[in-house]
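First comes the structure, then the notes that go with it.
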Amino acid sequence: MGHRTLLVDGDPQCNLTSLFLGAEGFDRYFTEEATSNKNIKDGVAPVFEGQPIQIQAFKCPNASRNRNLYLLPGHMNLSEYEANLSFALGATSVLSALKNLPGAYNHLIETICEQYDIDYAIIDLNPALSALNQVLFLSADAFVIPLNPDCFAKMALKSLSTILPGWVNWSVKNRDMYDGAAYCLPSKPPRFVGVIPQRFNIRNGKPTTAYAIQISELLEIVKSDVVPSFARMGMTFSTADYEAAGIPENRELMEIKDFQGLSPKSQKYSVPVYALTDAELEAQGAALKVSKSNRKEFGQMYEEICKKIELLPI
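Counting from 1, position 300 in the sequence shown corresponds to residue 300 in UniProt numbering; the numbering is continuous, with no gaps.
Now the structure itself:
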């Protein structure tokens, strides 16, 4: 789409960083002196460790096949700051030393975005209801919820319909307490873009019956429970905005089937499935034809998702 994009790895598992850099590149990045401290954890260290320096931008890895794509690498020890962050968020009054903690990540991301003239920053969160996820979520302008069609997703959706508005409510109620902080969270709440059911099997080009039923039930929960709950806290766009972007009432952006044989190749060559070359598909004959067809289909799916997001007033 031509946008300058920053990927932010906010997950201590560092799967995004590993995929972006590759296995060998990952090890090299975190062992070489020139790059080992250029990551999200070390980026906010001045605030969390009381260092007498400001948060500053640094050089971020650039995708070899897309010069408009950058990565703010994660760190496997990112959760070390969780205790201090939780204390800062839960305190009824905040010491001056703690005021800058919640907004530190937001400031780091904004500073790097300014450095590279970024149009969109995409933050990858881990599947946990942590203090780190809370401040990263509140740093965003908008958010997408991926869904695996199973019973756990139903419970997760219902939890998110109360927890995410609760985080926004915390931000509203405690904003005055952080007056004077050098690093602040945005004043506006993140707004809900939609959901993406994913990683399901298909038959004859459609989700199998079991998955189709699960997806339908999940989308009904989104429509009946999630959207109204988000709307009450100002976490949605207007109905006209969704309609203009082609996003339905159940807020389904796209259904992404299982990558099947393309996923291992994507991991191996550190590129998205739709960017794999014919040689990287490692197939011949009929298998190559199927792989090329899947690659094209996935590319079209992601392009359609991007077009919908572009049309929203983010």
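Here a beta-carbon is modelled for each residue, glycine too, at the ideal position from N, C-alpha and C.
Assigned secondary structure, N145 (DSSP; H/G/I helix, E/B strand, else coil): According to the sequence provided, residue 145 is Ile. The question's Asn does not apply to it. DSSP places I145 in strand when its eight states are reduced to three.
Stretch-stretch touch, CB-based, cutoff 8 Å, three pairs: the segment 275–293 with the segment 230–247: no
Nonlocal neighbours in the same chain, by C-beta distance under 8 Å from D176, ignoring five residues either side: none
Where G25 sits in the DSSP three-state scheme: helix
Between the CA atoms of D119 and L185 - distance to the nearest angstrom: 19 Å
Spatial distance of S159 from G285 (CA atoms): 47 Å
Own chain residues within Cβ distance below 8 Å of L19, not counting five before or after: S266, Q267 and S270
Close-in-space but distant-in-sequence residues of the same chain around T236 (CB under 7 Å, 5 per side omitted): R191, F192, V227 and F230
Three-state secondary structure assigned by DSSP to G194: strand
Through-space distance from L157 to I53, alpha-carbon basis: 41 Å
Option in P272, C14 and S86 with minimal Cα separation from L129: S86
Beta-carbon proximity check, I163 vs I256, cutoff 7 Å: no
Span separating the alpha-carbon of G166 from that of I215: 26 Å
Segments of 4+ residues assigned as alpha helix (DSSP H) that fall wholly inside the segment 236–298: 239–245, 262–269 and 278–281
Contact under 7 Å by Cβ, A182 with N100: yes
I145, buried or exposed, once every other Cβ within 10 Å from all chains shown has been counted against 16: buried
C-beta atoms of L72 and I112 nearer than 7 Å: yes
Cα-Cα separation between V290 and M301, rounded to whole angstroms: 16 Å
CB contact flag (G74, I109, <7 Å): no
Counterpart residues of L69 in DSSP-defined beta bridges: T5
Residue-chain proximity (F143, chain B), Cβ-Cβ < 7 Å: You won't find chain B in this structure, because it holds only one protein chain.
Unbroken beta strand (DSSP E) run spanning A121, endpoints: Y120 to L125
Alpha-carbon spacing of A23 relative to A153, whole angstroms: 30 Å
Selection from G180, T5 and V273 that minimises the alpha carbon distance to A63: T5
Exposure label - G10; buried when at least 16 CB within 10 Å: buried
DSSP three-state assignment for G10, whether helix, strand or coil: strand
Chain-order list of residues whose beta-carbon lies under 8 Å from that of D150 (same chain, five-residue window excluded): Q214
Backbone CA spacing between A131 and K292 [nearest angstrom]: 42 Å
Straight-line gap, A83 to K223 (C-alpha atoms, nearest Å): 35 Å
Inter-residue Cα distance where the pair is K38 and S96: 27 Å
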